[in-house]
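Chemist: Just dropping this structure here.
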Amino acid sequence: MRLVIALFSVTAAVTKLLYDRFLPELTDLDAVRWTIIGLGSVAFISTYFRFKRAITVTYFSLFLYLSTLFYVIAFVVINRFDPNAVIILILVVGASSVIINSLFYYGVQSAIILLASMLAYSSSHLGHENLMAFLNLIIALGVFGIVIAVRLKLISSVKKSHSTLEKLNVLSIVANKEGDIVFVSPSVQNLLGYDPKELVKEGWWSSQNLRDGWISRDYILNYPNILPKEIMSMETSLISKDGKKVWFSWVNSMLPNGNYVGVALDVTKYKNN
């Protein structure tokens, strides 16, 4: 997230300077643009503070993106759907698809971009001075289409992976350095009878049946970025929602961002034999 915010702020500033240099005829809301860039810098700095960082950064980033989106739409309207202005809209909306995984959102952003492009084409005559702008617009639309196609393929792959995990006797769980559970695989429904949404954040730790069946939360909080051999692989038992004891063989590791990830195989039938 820190890298995304940094790239956003730098790219926004560079784009603003380039447009002022090469397309001075476009009308811009300078105060709004520089305010958003300044907020991007504040958001970047906020990622270094740990106090409620996940909540602060998430909502600040959402506010920053929505502010940018409304600004760019206003920028396009003020410039009467100039092709060069529409290109900025495509870049901003298209870039957001890299971090937002939502089919509904992809549909909305595609509709916005296609509508803006159609208005740009119909409101400007295809003269020599606009030819390059329209060519750039076509290229931007092509790049946007490629990005959306790649993201749709990725979403499809993730759904297939989740479907496969649900069929396997494998459980996976991820906790961040603050001790919050950020991911529980859908297979937990079949293995233990819990809905994955029940177990994220405090859900796993608040369950008497589960909290002692993986790396302890106290260890994660007190010894971040450390994974000794006795925790890398271990065997524990968990109590399912219907009261059955289920044995798991765990392989734990640490992700580059410091999050703990555990992958467990259901070995109950081997233990019972």
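Quick note on numbering: the UniProt record's numbering labels position 46 of the sequence shown as 46, and the sequence is numbered without any gaps. Ideal Cβ placement from N, Cα and C applies to all residues, glycine included.
Kindly list the residues whose CB is nearer than 6 Å to the CB of S247, restricted to its own chain and excluding five residues on each side of it in sequence; keep chain order.
Modeler: Along the sequence shown, one-based indexing puts residue 247 at 247. According to the sequence shown, residue 247 is Trp rather than Ser. Closer than 6 Å at the Cβ level, and outside the excluded window around W247, lie S237, V267, T268 and K271.
Chemist: Using CA coordinates, which residue listed in T47, A12 and K229 is at the minimum distance from Y65?
Modeler: Reading the sequence shown from its first residue, position 65 is the one you call residue 65. Here the closest residue by C-alpha is A12.
Chemist: Quick check on E178: does DSSP put it in helix, strand or coil?
Modeler: Along the sequence shown, read from residue 1 onward, the residue named residue 178 stands at position 178. Three-state result, E178: coil.
Chemist: In angstroms with no decimal places, state the Cα-to-Cα distance between V170 and T35.
Modeler: Along the sequence shown, read from residue 1 onward, the residue named residue 170 stands at position 170. Along the sequence shown, read from residue 1 onward, the residue named residue 35 stands at position 35. Spanning the two alpha carbons is a distance of roughly 48 Å.
Chemist: Measure the Cβ-Cβ separation of F81 and A120 and say whether it is below 8 Å.
Modeler: Locating residue 81 in the sequence shown gives position 81, where the first residue counts as 1. Locating residue 120 in the sequence shown gives position 120, where the first residue counts as 1. For F81 and A120, yes; Cβs fall inside 8 Å.
Chemist: Taking the alpha helix (DSSP H) that S96 belongs to, which residues open and close that run?
Modeler: For the purposes of this step, residue 96 is taken as residue 96 along the sequence shown, with counting starting at 1. Unbroken alpha helix (DSSP H) run through S96: P83 to S96.
Chemist: Pick from K244, S122, A116 and G38: whose alpha carbon is nearest that of A140?
Modeler: Position 140 of the sequence shown, counted from the first residue, corresponds to residue 140. Answer by Cα proximity: A116.
Chemist: Kindly list the residues whose CB is nearer than 8 Å to the CB of V72, restricted to its own chain and excluding five residues on each side of it in sequence; keep chain order.
Modeler: Looking up residue 72 in the sequence shown gives position 72. Cβ neighbours of V72 beyond the five flanking positions: I88, L89, V92 and V93.
Chemist: Under 8 Å, do M232 and N257 count as touching if we go by C-beta distance?
Modeler: Locating residue 232 in the sequence shown gives position 232, where the first residue counts as 1. Locating residue 257 in the sequence shown gives position 257, where the first residue counts as 1. Not in contact: M232 and N257 (Cβ atoms no closer than 8 Å).
Chemist: For T58, name the three-state secondary structure that DSSP assigns.
Modeler: Along the sequence shown, one-based indexing puts residue 58 at 58. In this structure, T58 counts as helix in the three-state DSSP scheme.
Chemist: Going straight from the alpha carbon of L114 to that of K197, what length do you get?
Modeler: Taking the first residue of the sequence shown as position 1, residue 114 is located at position 114. Taking the first residue of the sequence shown as position 1, residue 197 is located at position 197. The alpha-carbon atoms of L114 and K197 are separated by roughly 36 Å.
Chemist: Can the beta-carbon of G193 be found less than 8 Å from the beta-carbon of S156?
Modeler: Walking along the sequence shown from the start, residue 193 turns up at place 193. Walking along the sequence shown from the start, residue 156 turns up at place 156. Cβ distance not < 8 Å, so G193 and S156 don't count as in contact.
Chemist: As an exercise, report each continuous alpha helix (DSSP H) stretch of at least 4 residues that is fully enclosed by the stretch 172 to 224, in chain order.
Modeler: Complete alpha helix (DSSP H) runs here, min 4: 188 to 192, 196 to 199, 203 to 206 and 217 to 222.
Chemist: So, with DSSP's three-state summary, where would you put F262?
Modeler: Stepping through the sequence shown from its first residue, residue 262 is reached at position 262. Sequence check: residue 262 is Gly here, not Phe. In this structure, G262 counts as strand in the three-state DSSP scheme.
Chemist: Using beta-carbon positions only, say whether G262 and L221 come within less than 8 Å of one another.
Modeler: On the sequence shown, position 262 is the one that residue 262 refers to. On the sequence shown, position 221 is the one that residue 221 refers to. In this structure, L221 does not lie closer than 8 Å to G262 by Cβ.
Chemist: Distance, Cα to Cα, residue 284 vs V143?
Modeler: A question about residue 284 goes unanswered here, because the residues of the chain that appear run from 1 up to 273.
Chemist: Can you give me the Cβ contacts of D195 inside the same chain, cut-off strictly under 7 Å, excluding the 5 residues immediately before and after it?
Modeler: Taking the first residue of the sequence shown as 1, we reach residue 195 at position 195. Answer for D195: Q189, listed in chain order.
Chemist: Which parts of the stretch 225 to 255 are runs of the beta strand (DSSP E), unbroken and 3 residues or longer, counting only runs that do not cross its ends?
Modeler: The qualifying runs are 233 to 239 and 245 to 254.
Chemist: Measure from the alpha carbon of M234 to the alpha carbon of each residue in G243, K245, W250 and I226, then state which is nearest.
Modeler: One-based indexing of the sequence shown puts residue 234 at position 234. That would be W250, whose Cα lies nearest to the Cα of M234.
Chemist: Less than 8 Å separating the beta-carbons of T27 and N79?
Modeler: Sequence index remark: in the sequence shown, residue 27 carries index 27 (1-based). Sequence index remark: in the sequence shown, residue 79 carries index 79 (1-based). Yes, the Cβ-Cβ distance between T27 and N79 is below 8 Å.
Chemist: Use the C-beta contact count for T58: other C-beta atoms within 10 angstroms, 16 or more gives buried, fewer gives exposed.
Modeler: Taking the first residue of the sequence shown as 1, we reach residue 58 at position 58. T58 comes out exposed.
Chemist: So, helix, strand or coil for V170, using DSSP?
Modeler: On the sequence shown, position 170 is the one that residue 170 refers to. Reduced to three states, the DSSP call for V170 is strand.
Chemist: Note down the Cα distance separating W204 from F63, rounded to an integer number of angstroms.
Modeler: Position 204 of the sequence shown, counting from 1, holds the residue named residue 204. Position 63 of the sequence shown, counting from 1, holds the residue named residue 63. For W204 and F63, the distance between alpha carbons rounds to 30 Å.
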